Each structure stands twice: as structure tokens, then as C-alpha cells.
Amino acid sequence: MSEIVAEVESVVLAVPGVVGLYRTGSAVTNLIGAAAERLGASADAVSRVTVAQREGRTEVDIAIGVESGAAAAETAQAVSQRVEAALVAQAVPEPLIRVTIVYVAETGPLG
Amino acid sequence: MTEEGNLPLGLDPGDLDGHTIEELMDYLDAGRSPADPSIEGAPGCVLALDALERLRALTPALVAQDEAAEPEPEASWVQSILSGIAMDARAGRRIPLSDPDDSSDLAITEGAVRGVIRAAENVFPGILIGRCRLNGDVTAIDATVSVEIDVSVPFGQPIVQLANRLRAEIAARLRTHTRLAVTGIDITVHDISTWTENTP
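Protein sequences, first through last, are from chains A and B.
Sequential numbering from 1 applies to the first sequence in the working numbering.
Sequential numbering from 1001 applies to the second sequence in the working numbering.
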């Protein structure tokens, strides 16, 4: 599973318009993750991508920051398509990919 | 509910992934160095940092003017803006960007959308957005919503025209980054500052 997480993180960060990956999950989960980081765990050790198996299907949760210069939905769609392609290439059939934009970074005038 | 007085600015640290607004200001003072992954990896913190940086660009002169005008304010407008920044940075509701029958589940958080609205400050020097609310069921696809914001505007500029331009800017930003059907953007001017283009 960790290989899949690493692959997904790499794919997401390579999508144009993505400025970063952020912690997914509840406030409690995030507090634990933040505390772990403050205690010395590296950023890599605290995953930014959640991969779970539910009812035989692989579900992937991704929280991203995007540049303001492009429509958020287009960047999210590009992320989803590339992650899906990467997972299918790793023999993960019909993954459910959930992409949430949690931050829009100002990168100049719109359009 | 949080009891004011027990927590800085009456805010729950959980709103900022365990950090307080004071910690974020200290982090900005340090030039965001060394990078703290517990802050930089938390969207609420990053949203708050963006807003604090914009506030910082205006604050020194404004705080001095604010304090000169009101020597012992019970709760200064700067403090209320700080409070608004922290409250608005919460992730809030998940606003859909895709249709339910799409193969992908795409969305943007309410906190990110409030950040998009707040960043309109960049276009209008001297304007500060104190609080931002999205009214309506934003979790429904193509939801009909209204937006309410509180602002501080610089003295000497026609308020109605400024509000109209700000409204148009916010509407354009929402069209670009969401599928929300915005029915109105209500702007309440809460303060008039003495900021000018030449304010140091």
C-alpha cells in the first residue's frame, strides 16, 4: 500500500497547477499528524494521501492546493485522471478517487 | 462553544490544526523559516498565513492610526479581522465540483473558497475583509448561494463604487473556482481606515 501512496503523491505533485498536497481526514486525525511532525516525524512519514480498501474497491483521498491561474475544477479533474491512470497501470481496477481542493494559491490575475 | 478568555482571541486551536493565530504570526515573523511541516501541511494554517501576510502589509500604519483614534479599544478592528481570518480558515463544508454520476469525486472546501474571496484584497490596496460567509446549501451541486462579507475600506474612496468593483472581482473568482450559482454578494463596510497609497 505504501508504494501506491508514494506513486499517487508523485503523480499528483507533477500535475500542472498543483502547488502542494495537504493532510486529509478529520481535525482529530490532523492534530495527531501535526503532533507527530512536531515530535520529529518527517513530512514524508505523515502521509498526505489516504488509500483504503472498502467493499473490495480501492478508495483514494487526496487534498491539494492549486494555483489561482487555472480553474480549480480543471486542475482537480487532471489530478483525478492521472491518478486513475497510474493506479490502473498498477493493476488497481476502478479506483474511487476523491480530490478535494483545500487551498487556492494566488499566482497572479485570473484568466 | 469556546469560552472567550481561555483561548487566544477566543478561538479553538483545532480550527488551525492545533496552532493558534499567535503561533502563525510568530512563524511569519521568522520568515516561515525553518519551514514547519505541521503548519505548511495544514490548509487552514496556509490560508490563515496568506491572509495574515496581506494584513501585515497594511498593519503597522493602520494599527498606529487605530490606536491613536481609540486609545483603549475594547476589541480593535485588527483583532476582529484576526478572529475572522482564523474562523474562515476552517475547512468547513465540501463544495462539489463534479456531478454525482461522474467517475471522479471532485470538490473544494468552503475554507478554500473563503480564501479565494479574501484574496480579492490583493486587487484593492487598503481593503481588508474581516469576515466571509457563504449562505445556502453549498454541498448541493450548482447550489444557489449568497455571500456576505464585512470589510474595512480606505478613507477617501467612493464606497459604493469600491464595493461594486469588489463585488465584481469576487463574482469572477467564484465563477472560476466553483460551480456555485451566486445570487448576491452583500458587502458591509464596518470600518474606514486612513490608509492611502502613500501610507508607509
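Here a beta-carbon is modelled for each residue, glycine too, at the ideal position from N, C-alpha and C.
A quick note: this is a predicted structure, and the numbers were derived from the prediction, not measured.
- The DSSP-derived three-state label of E74 of chain A is helix.
- Around the Cβ of E1121 of chain B, a 10 Å sphere holds 16 or more other Cβ atoms; the residue is buried.
- Chain order gives the chain A residues near D1105 of chain B as S80, L96, I97, R98, V99, T100, where near means a beta carbon separation below 9 Å.
- When the alpha-carbon of E1148 of chain B is set against those of B:R1032, B:D1029, B:G1184, the nearest one is in B:G1184.
- Around the beta-carbon of S1152 of chain B, 16 or more other beta-carbon atoms lie within 10 Å, marking it buried.
- Chain B has a Cβ within less than 8 Å of the Cβ of R23 of chain A.
- In the three-state reduction of the DSSP assignment, S68 of chain A falls in the coil class, being assigned neither a helical nor a strand state.
- Exposure of D1029 of chain B is indicated by the presence of fewer than 16 other C-beta atoms within 10 angstroms of its C-beta.
- Between the alpha carbons of I64 of chain A and Q1157 of chain B lies a distance of about 38 Å.
- D1142 of chain B and R1179 of chain B have their C-alpha atoms roughly 5 Å apart.
- Taking all protein chains shown into account, T1188 of chain B has fewer than 16 neighbouring C-beta atoms within 10 Å of its C-beta and is therefore exposed.
- According to the DSSP assignment, R54 of chain A belongs to the beta strand (DSSP E) that extends over 49–54.
- DSSP places G1031 of chain B in the coil class of the three-state scheme, outside both helix and strand.
- Boundaries cannot be given for H1019 of chain B, as no alpha helix (DSSP H) includes it and DSSP labels it neither H nor E.
- The three-state secondary structure of I1149 of chain B, taken from DSSP, is strand.
- Residues of chain B with a Cβ closer than 7 Å to the Cβ of R54 of chain A do not exist; the shortest Cβ-Cβ separation is about 13 Å.
- Annotated three-state conformation of T58 of chain A is strand, per DSSP.
- Nothing from the region 1182–1193 of chain B brings a Cβ to less than 9 Å from some Cβ of chain A.
- When beta bridges are read from the DSSP output, V12 of chain A appears opposite no residue.
- Close CB contacts of V83 of chain A within its chain, under the 6 Å cut and outside five residues either way in sequence, are with V8, V11, I97 (chain order).
- Restricting attention to B:R1056, B:A1091, B:I1095, B:R1094, the CA atom closest to the CA of Q1079 of chain B is found in B:R1056.
- For A1163 of chain B, the enclosing alpha helix (DSSP H) begins and ends at 1159–1177.
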